[in-house]
Each structure stands twice: as C-alpha cells, then as structure tokens.
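Below is one structure; the comments refer to it alone.
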Amino acid sequence: MKPFTPAGRPRSAQRWLYALPLLTITLSVAEAAGPVDEETLALVRDSAGSLSRSQIAALVSADETLAATRDEDSRKLRGEILVRLAESGTTAAVEYVRGVFESEVDRRHDAAYAISRFCLEHRRVPADWRYLVRSLMVVEGEQAQSVVRALNGFRERATKPVWIRQVLLLALTFDEPGREEAMDLLAQWSGRESVPEAENSDDQLAAWQNWFRETYPDEPDPSWPGQPEGSPWSYQQLLAEFEAIGENQGPTEAGRAVFEKAACAKCHRAGRVGTQVGPELTRVAERLQRKQILQAILFPSLHLNEEYPSATVLLLDGRVLVGTVTSAGPDAVSVGGLDGKRTTVQKSEIDQVQPNRLSGMPSGLLDDLSLDEIRDLFKFLLNPPKAESF
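In terms of numbering that gives the first Met the number 0, the sequence shown opens at residue 0 and continues consecutively.
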C-alpha cells in the first residue's frame, strides 16, 4: 500500500513562545506581528547560524501570519520556518518548535521533522527522544526518514511494541537507504544484532516482520492494509475531502444524522450524541490529525487504541463476550459489544481473556454513504455539538 500523505492544519501556537520559562528574551505583540516580507523569507532560507531576538520575532510573526491560510504553499513555508528555528540551535527558537509540537496537533509532523534536524545538527536531549517517538504515528516520507535517523543517535530504546511496529511500517515505505536506517533502529531497540541473511532489503524486512509476529503475537500484524474490497472510496480521495473542510464550521443536523446512520453513535460519543463504548470523539480533532481520524475509520485495526483493548472474554459458565474491555472497579470488568451495550462481570467469573489482534470496530462504515454525507460526517467530527446544541 502506498504510504499515507501527511497534510497539516495550522492553528495558533504563538502563545507558547511567551510562556516558556527558559526564554531569556521577551517579545512584544508588536514585534510578533506584521506581514511576511522579503527580508523574512530570505531569513527562512538562510540556514546558517543562530538567531537573534529580532530574527526569532520575525520568524514567529511570519508563522502566525500564515496561520490564517490553508493552501499548500503556506503550509510548506510554515514547515520551513520551524526547520530554520530548530536548525539555529538557539534555545528560544527550539523551545518554540517544541511548543508547536505540543499545541498544534496538525503540525506535529512538521515540528517533529524540525526537532530531528536540531538533534542531527546540534545535540540530543531525552525530551526530544520522546517527541520523536511520539511523532512516528504522523511522520512520513523524508520527514519520517529524518526522524528515524535522529532516533538512531539516542541511547534510549522503545519500551512499547507499538513503536517497534510503527518503525517497521515506515520502513516498508522507505527507499533503500531509509530502510537500512530503520532496520538499524529496529536492531538497537530490539537488542538483536542482525536478522537472518537475506539477498535484499525486502527479504530483510520480511524477516523483521516475522520476528515481530513471533515476539508480539497479540499485536496487530506489521503490514499496511490495502484498499478494502468493494469500497467505492479510496483513502487519498477521502483525505482530500477531509482536508478541504475549513475550521469553525460548527455541527449540523445533517452531520448528526450521518453519525447515527453510519452506526458511529452505537459505540462512540461526540458531545451529547452517542454512547461511549469505544473512544470518546468529542475532542478527537484536538488529539489526532485528520489523516489519523480517517485511518481509524477506514482501517480500524491499523492502530489499536490501548485504552480500549478488544478481547474475547471466556466465562466459567460457558458464555463468550467479545468487545472492548475496561475496568468496572477492583473486582469487575465491563465488556462493550458492537451493539453499544455493556456487560459487567466479576473477575471471579472469568476463565480466560484472549486479546484480539483486530479491532472490534467494523470496516466499511462509509461504503453506503454519499460523498455529501461523508463531508457532513467529517464536519461533525471536527466540531461535535456542545451540551446545549440540538
């Protein structure tokens, strides 16, 4: 499967520059405002040296000025600004980039790429390792290769199989040099010095995939999903539609109707709509990038939610429950089924709990929807109704 294409959505992050305790500079609102002029553009493309107080102010001003637009050229320029700030090595500039990573989820891949450039050209600190590992779910292409390259320079190892799996997934999308770097990282994290001899990188990656399956049998398979059979919608087509939706469009009655028609409301709550058997969706756009939301809809088993593990629960009386398992107190668990109903059982009644490698969420939820209905659903997910709505 072709690698997913990243696409960012800008939000204001200027407040981070003022709130950082490590800053030795102070910027006024006047300094951090103004158009993107030729002098600032030249500064963006001048990759040499540290930045002065006024230069950081100019770059932050440009970043904020461009936040009002969603065109591709502006998005790319904002990414270049983050790289310039990070590559300068200036403390205040790098802290601004870290702030963008935390506060602007749809620019997280651009911020991670900039942080990787700082790590490769200046120094590595444990906090940046955590940023880079967290970014593995959103970076792609050149950005992903830079993140992997930077991670290779850290002594820290991944502690969760989900991160190892994600490096494997990214490696499958890389060219030859990128694959070698990804496999070096896999070797470092796993403690394995090598994989069985193979003639080419395809065979080497296949060996790593087999190792992962054997080592983590309860984890999802380390492979990309293909286009669902019979589906009228492709990932790239729907991502383009999702990205075209502007911000602050508010929930609509049509969006709510589609949320219920597509059976989303049976297991998810958005605002005051639906039931929370699966993950809460009220603030999903503040936690996940649009591409991540779409991936979760089209490919439910690509990334499983750790807070809502799917399992088969075998009871001593012979009953079998399948669904998301959550705690219901010190002595009980709750199993949420696809019908939206929860069953609470005492732990003393349970014979076995078998983790499921596939999500309990069905695929194909968008197949019977029109394109207009899908657009309404996307708008609803971006801006679910508040308590007083509807």
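In this text, a Cβ means the ideal position worked out from N, Cα and C, and glycines have one as well.
Beta-carbon gap between residue i and residue j smaller than 8 Å
{"i": "D367", "j": "V257", "result": "no"}
{"i": "L101", "j": "P125", "result": "Before going further, note that residue 101 is Glu rather than Leu in the sequence given. Contact flag unset, no."}
{"i": "E170", "j": "I163", "result": "One detail in the question is off: residue 170 reads as Ala in this sequence, not Glu. No, the Cβ-Cβ distance between A170 and I163 is not below 8 Å."}
{"i": "E285", "j": "V104", "result": "yes"}
{"i": "D350", "j": "L313", "result": "yes"}
{"i": "E218", "j": "P160", "result": "yes"}
{"i": "P361", "j": "V272", "result": "no"}
{"i": "V334", "j": "V344", "result": "yes"}
{"i": "R107", "j": "Q288", "result": "yes"}
{"i": "V332", "j": "P308", "result": "no"}
{"i": "V283", "j": "L364", "result": "no"}
{"i": "T251", "j": "R268", "result": "no"}
{"i": "G88", "j": "S49", "result": "yes"}
{"i": "I373", "j": "L238", "result": "no"}
Burial state of residue i (16 or more Cβ within 10 Å)
{"i": "K75", "result": "exposed"}
{"i": "K346", "result": "exposed"}
{"i": "G229", "result": "exposed"}
{"i": "T214", "result": "exposed"}
{"i": "M0", "result": "In this prediction, M0 scores a pLDDT of 43, lower than 50, which makes its location untrustworthy; no coordinate-derived value is stated."}
{"i": "D62", "result": "buried"}
{"i": "E79", "result": "buried"}
{"i": "S60", "result": "buried"}
{"i": "G225", "result": "exposed"}
{"i": "L370", "result": "exposed"}
{"i": "E86", "result": "buried"}
{"i": "K340", "result": "exposed"}
{"i": "L204", "result": "buried"}
{"i": "S233", "result": "exposed"}
{"i": "D127", "result": "buried"}
Backbone secondary structure at residue i - three-state DSSP
{"i": "N382", "result": "coil"}
{"i": "A262", "result": "coil"}
{"i": "V352", "result": "strand"}
{"i": "S145", "result": "helix"}
{"i": "V104", "result": "helix"}
{"i": "L303", "result": "coil"}
{"i": "S333", "result": "strand"}
{"i": "G273", "result": "strand"}
{"i": "G98", "result": "helix"}
{"i": "Q187", "result": "helix"}
{"i": "G322", "result": "strand"}
{"i": "T172", "result": "coil"}
{"i": "T311", "result": "strand"}
{"i": "V137", "result": "coil"}
{"i": "R83", "result": "helix"}
{"i": "R341", "result": "strand"}
{"i": "V28", "result": "Any reading at V28 must be qualified, since the residue scores a pLDDT of 31, below 50, and its modelled position is unreliable; the value itself is stated next. Note: V28 maps to coil in three-state DSSP."}
{"i": "R404", "result": "No statement about residue 404 is possible, as the shown extent of the chain runs from 0 to 389 and does not include it."}
{"i": "R268", "result": "strand"}
{"i": "P160", "result": "helix"}
{"i": "V93", "result": "helix"}
{"i": "R398", "result": "Any question about residue 398 goes unanswered here, given that the chain covers just 0 to 389."}
{"i": "A253", "result": "helix"}
{"i": "S115", "result": "helix"}
{"i": "A284", "result": "helix"}
CB-CB length for residue i against residue j, believed under 8 Å
{"i": "L65", "j": "V43", "result": "With 8 Å as the limit, L65 and V43 do not qualify as a contact, their Cβ atoms being about 11 Å apart."}
{"i": "S222", "j": "Q208", "result": "7 Å"}
{"i": "D142", "j": "A91", "result": "Reading the sequence as shown, one finds Gln at residue 142 and not Asp. Incorrect: roughly 23 Å between the Cβ atoms, too far for contact."}
{"i": "V391", "j": "L81", "result": "What the structure shows of the chain is the stretch from 0 to 389, and residue 391 is not part of that stretch, so it cannot be assessed."}
{"i": "G336", "j": "V321", "result": "7 Å"}
Any non-hydrogen atom of the ligand SAM within 7 Å of residue i CB
{"i": "T214", "result": "In the structure on display, the ligand SAM does not appear, and there are no ligands present to speak of."}
Segment contact flag, the stretch 106–125 with the stretch 147–164, C-beta cutoff 8 Å, min 3 pairs: yes
Cβ pair count under 8 Å reaching 3, the stretch 284–304 against the stretch 352–369: yes
Stretch pair the stretch 257–277 + the stretch 126–138: three plus CB contacts closer than 8 Å: no
Cβ pair count under 8 Å reaching 3, the stretch 143–150 against the stretch 179–189: yes
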